[in-house]
Structure formats: structure tokens, C-alpha cells
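Per this note's numbering, residue 27 is the first one in the sequence shown, and the count goes up by one each step.
A virtual CB, placed ideally from N, CA and C, is assigned to each residue, including glycine.
As the structure is a computational prediction, the values presented were derived from the model and not from experiment.
Down below is the structure, laid out as C-alpha cells.
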Amino acid sequence: MEYRGRKTLIVALFCLLSLTGCEKSALYSSLTEQQANEVEAALLQVNINAVKVRAENGEDWAINVERDQLPQAMAVLREQGLPRFDSLSMGDIFRKEGFVSSPMEEKARYLYALSQELSATLMEIDGVVSARVHVALPQQGLLDEKKDSASVSVVIIQQPSVDLSIHETDIKAIITDGVEGVDDVNRVTVKFFTRNGYGNSMSAASQVTAQRSSKNVL
27 MEYRGRKTLI
37 VALFCLLSLT
47 GCEKSALYSS
57 LTEQQANEVE
67 AALLQVNINA
77 VKVRAENGED
87 WAINVERDQL
97 PQAMAVLREQ
107 GLPRFDSLSM
117 GDIFRKEGFV
127 SSPMEEKARY
137 LYALSQELSA
147 TLMEIDGVVS
157 ARVHVALPQQ
167 GLLDEKKDSA
177 SVSVVIIQQP
187 SVDLSIHETD
197 IKAIITDGVE
207 GVDDVNRVTV
217 KFFTRNGYGN
227 SMSAASQVTA
237 QRSSKNVL
């Protein structure tokens, strides 16, 4: 009887430890279905047992993983820039709220909206974790005959496994075509970074362009 009791206790402890080791924890709990699908796919690809479930509010989605895999899951998602959150569109930013904006406010909102749209476009490139676009439009006087060119600075965070600098020319073309007043690709500066540190060095010409850009901001 004593042996049988010890055997039962050992089996019970084994089952308890097994359940504890497989205990799920919520990694995210307020995601859209698309965000949840992207997160789940990224984690399953590296053999992390992720499960997409309905959040408690019944509307959002949550991602659960085994508790001992939480650190690895967070590292994987950070490297891939997930989950991706929607940026504001031009329609969102320029939605009128019943008041008249000053010309300076309208210009600021336009620049912000344009930057958001361009950033969203760059985010569609494989390997981009995040992208920031800063547009600088020169101040023009009423009597100025010659218009100065606008300038743009782009910062791209890339995954460690890729080198997006080989697409720098294409990225500059996207920006040049997307910003009115940029008539020279040399007015576009693109900087690449990874999660592990600094990417490509900035050339002397790019430093001059970046300095000019900062002076032309509102």
C-alpha cells in the first residue's frame, strides 16, 4: 500500500509539473485579426507554440504563448517589428472638426500626413521593421522667383538578416516621385539601421543635405 501511494504521488507531481511547464501567458491582448495572424505566423515559424484566441472583450484578438517561451517570443517580435500598428492616413489627419486652421497649421498637418503615407509605403518592403520620413519644405516669399527644392530625410530600421542599402536608389525614387518639390534625388537622404546597431555611414554630401533639411523645417 505504501509503495502504491508513493507511485500515485509521483504520477500526480509529474502531471502537475507538465501542466505548469505548458502554462500559457498572454503576449498581446488587444490586436486586430490581421495583427494577430502576423504575430502568430512569425512565432510559429521559429517553433514557438503561439495560439491566437479571442480577447476577453470579444472584439480584439490575443496571442498566448508558453510562459517559458515569453522572452524568446518578445525578442523575435521585436526583431521583426511586430505587431505593426496602423498609421494615420491623410484622410484621418485632414478630417475637419468644425474650425478654421491657420496656414501654418495646415502646412504642419500636410507634412505630417505626407510623412505618414510615405512611411506606410516603405513599410511594405520586405525586411523593413520601421520607417520614418521627414519632409522639409523651404519657406517661399511672394517675390521669390526661384523656388528652392524640398528635401527629405528617411530613417529605416531593418531586420538583422537583410541589407536594404542595395535598394537605396529605389527608395530615393519612391520619395522623389511622392514629394512635390523634390527635383533632385540628392535632396533625399536615406539612413539604414539594424536592431544591433548603426548601419551604413553617412557620406559628406548626405550630411550637408541633412543639415539643410533641419534648417528648412517649419
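Provide the residue span of the alpha helix (DSSP H) that contains Ala-134, from first to last. Counted from its first residue, the sequence shown places residue 134 at position 108. Run containing Ala-134: 129-148, per the alpha helix (DSSP H) assignment.
Residue environment, Ala-88, which counts as buried when at least 16 other CB atoms sit within 10 Å: Here residue 88 is taken as the residue at index 62 of the sequence shown, counted from 1. That one is buried.
Counting Cβ pairs closer than 8 Å, one from the segment 98-106 and one from the segment 68-82, do we hit at least three? yes
Counting C-beta neighbours from all protein chains within 10 Å, is the total for Ser-177 16 or more, i.e. buried, or is it exposed? For the purposes of this step, residue 177 is identified with residue 151 of the sequence shown, where counting begins at 1. By the Cβ neighbour-count rule, Ser-177 is buried, with 16 or more other Cβ atoms within 10 Å of its own.
Where does Ala-99 land, buried or exposed, given buried means 16+ other C-beta within 10 angstroms? Stepping through the sequence shown from its first residue, residue 99 is reached at position 73. When all chains shown are included, Ala-99 counts as buried.
Could you tell me the distance, in whole angstroms, from the CA atom of Tyr-138 to the CA atom of Ser-179? Along the sequence shown, one-based indexing puts residue 138 at 112. Along the sequence shown, one-based indexing puts residue 179 at 153. Spanning the two alpha carbons is a distance of roughly 13 Å.
Measure the Cβ-Cβ separation of Ile-197 and Val-181 and say whether it is below 8 Å. Taking the first residue of the sequence shown as position 1, residue 197 is located at position 171. Taking the first residue of the sequence shown as position 1, residue 181 is located at position 155. It is not a contact, given that the beta carbons lie outside the stated cut-off.
Taking only the alpha-carbon atoms, compute the straight-line gap between Ser-51 and Gly-84 and give it to the nearest angstrom. In the sequence shown, counting from the first residue as 1, residue 51 sits at position 25. In the sequence shown, counting from the first residue as 1, residue 84 sits at position 58. The alpha-carbon atoms of Ser-51 and Gly-84 are separated by roughly 18 Å.
8 Å CB neighbourhood of Gln-184 in its chain, flanking five on each side removed: Locating residue 184 in the sequence shown gives position 158, where the first residue counts as 1. The answer, listed in chain order, is Gly-153, Val-154, Val-155, Leu-190, Phe-218, Phe-219, Thr-220 and Gly-225.
Same chain only: Cβ atoms within 7 Å of Ser-145, ignoring 5 sequence neighbours per side: If you number the sequence shown from 1, residue 145 lands on position 119. Same-chain partners within the cutoff: Ser-113, Ala-157, Arg-158 and Val-159.
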